[in-house]
Structures are given as C-alpha cells and as structure tokens.
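Below is one structure; the comments refer to it alone.
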Amino acid sequence: MKQIAAQIRDVSDFPKPGIVFKDITPLLRDPAAMHQAIQSMIAPFQDHPITVVAGIEARGFVFGALVASQLRVGFVPLRKPGKLPYQTQQIDYDLEYGNASLQIHRDAITEKDRVLIVDDVLATGGTALASCQLVETLGAEVAGCSFLLEISALQGRQKLAAYTLHSVLQYS
C-alpha cells in the first residue's frame with residue numbers, strides 16, 4: 005500500500021480554499037503502482053460472480069475499465085446527463101452543495117447482472133449511493149463498491165452500509 009500511497013499527491017486549496025485535494029494523476033503515470041492499485045481494488049471481489057463493472061464519471065472510467073479488464077467482464081459508464089447517445093435511465097440526487105444526476109444506457113445491464121461499482125474516491129457517498137440505486141432501477145444487483153481511496157471523515161461509508169464496500173486507502 006505504501007507504493008500506492010506514495011503516488012497520491014496532496015494539492016492544498018483545490019478546488020477551493022481549505023480543501024486538500026487528493027490528486028491521483030501521479031499514480032496513473034506509475035505502471036507498477038497502478039497495477040498494484042487495480043489488484044488491490046479487485047482483491048475482495050475475486051470470488052464474487054461479477055458480470056459487469058460500472059464506473060462513475062470521470063475518474064471511475066479509468067479505474068473501472070482496468071478493473072473490468074482484470075475481472076474479464078464488461079464495462080459500463082455512469083455519466084452526467086446529455087453524454088450518452090442512446091436511451092438512458094436517470095437518477096437525480098442531492099449533494100452537500102446542490103443537486104446532480106447520473107445516467108446509464110437502459111440496455112447496458114439487465115436483471116441478470118451483478119455489478120461492481122468503481123470510482124477513485126469515496127467522499128460523502130452521495131454519488132456512489134446514487135450509482136447503486138441507478139443500477140438497481142434496471143433490476144441488476146450491486147455486488148459491491150470499490151474505491152481507490154476513502155476520506156473517512158466525510159462518512160460516505162455510512163450511506164453505503166447496505167452494500168459491500170472496499171477502499172484501498174483511507175484518509176481522515
């Protein structure tokens with residue numbers, strides 16, 4: 005884990021004063037650390053019958069596609085409205101600073117699917133919870149949620165208590 009953590013850069017006052025942003029881009033540049041991160045993200049789910057990985061926009065696309073490749077299953081993007089070209093299912097949800105929405109193609113998953121939700125960071129849990137609910141509206145089962153890092157002080161884990169959750173690194 006030290007190799008992964010060493011590649012996470014703290015950026016003070018981004019995106020606004022008082023915030024310490026966890027920048028994962030150095031990790032993306034280091035192939036050994038990236039490989040270790042992906043292996044760590046999938047480890048608890050190796051023996052689960054996962055049929056598809058859903059990645060949350062935008063950095064969840066990077067990690068989700070790599071996780072899906074390692075698990076040898078398909079990948080589905082969960083996107084902001086207006087980004088998907090076909091028929092979509094949408095969920096609207098509240099964030100600590102306003103409202104947001106996510107969409108998925110209606111034919112991307114079925115009620116036979118067991119979906120692993122993937123993103124880079126678990127913060128307050130609002131987007132992750134909405135992602136789980138969106139997958140469930142299409143009849144699929146959420147097999148679990150996997151994150152590269154978790155900011156535990158923001159208590160996102162509590163919102164996801166109904167789901168199997170894994171985070172590689174925890175920060176307070």
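Under our numbering, think of the first position of the sequence shown as 5, with each following residue one higher.
The beta-carbon is built from N, C-alpha and C at its ideal position, and this holds for glycine as well.
Computed from a predicted structure; not experimentally measured.
Exercise. Taking the continuous alpha helix (DSSP H) assigned at Ala-72, which residues delimit it?
Worked result: 63 to 75
For this session: Please classify His-43: does DSSP put it in a helix, a strand, or coil?
Result: Checking the displayed sequence, the identity of residue 43 turns out to be Gln instead of His. Residue state, collapsed to three classes: helix.
Problem set entry | Whole-angstrom distance between Gln-91 and Leu-152, CA atom to CA atom | 30 Å
Problem set entry | Distance between Leu-82 and Val-139 (C-alpha atoms, nearest Å) | 9 Å
For this session: State the start and end residues of the unbroken beta strand (DSSP E) segment that holds Glu-145.
Result: 145 to 155
Exercise. Under a Cβ-count criterion, where at least 16 other Cβ atoms within 10 Å of its own Cβ denotes burial, should Ser-150 be classed as buried or exposed?
Worked result: buried
Exercise. Under 9 Å between the Cβ atoms of Val-57 and Ile-121?
Worked result: yes
Problem set entry | Inter-residue spacing [alpha-carbon to alpha-carbon] between Val-172 and Pro-30 | 16 Å
Exercise. In the structure shown, what three-state DSSP assignment does Ile-8 receive?
Worked result: helix
Exercise. Got a sec, what are the start and stop residues for the alpha helix (DSSP H) Ser-135 sits in?
Worked result: 130 to 141
Problem set entry | Simplified DSSP state of Ala-58, which is helix, strand or coil | strand
Exercise. Is it true that the CB of Thr-128 sits closer than 9 Å to the CB of Leu-106?
Worked result: no
Exercise. Just curious, the beta strand (DSSP E) that Thr-114 is in, first and last residue?
Worked result: Unbroken run through Thr-114: none, as it is neither H nor E.
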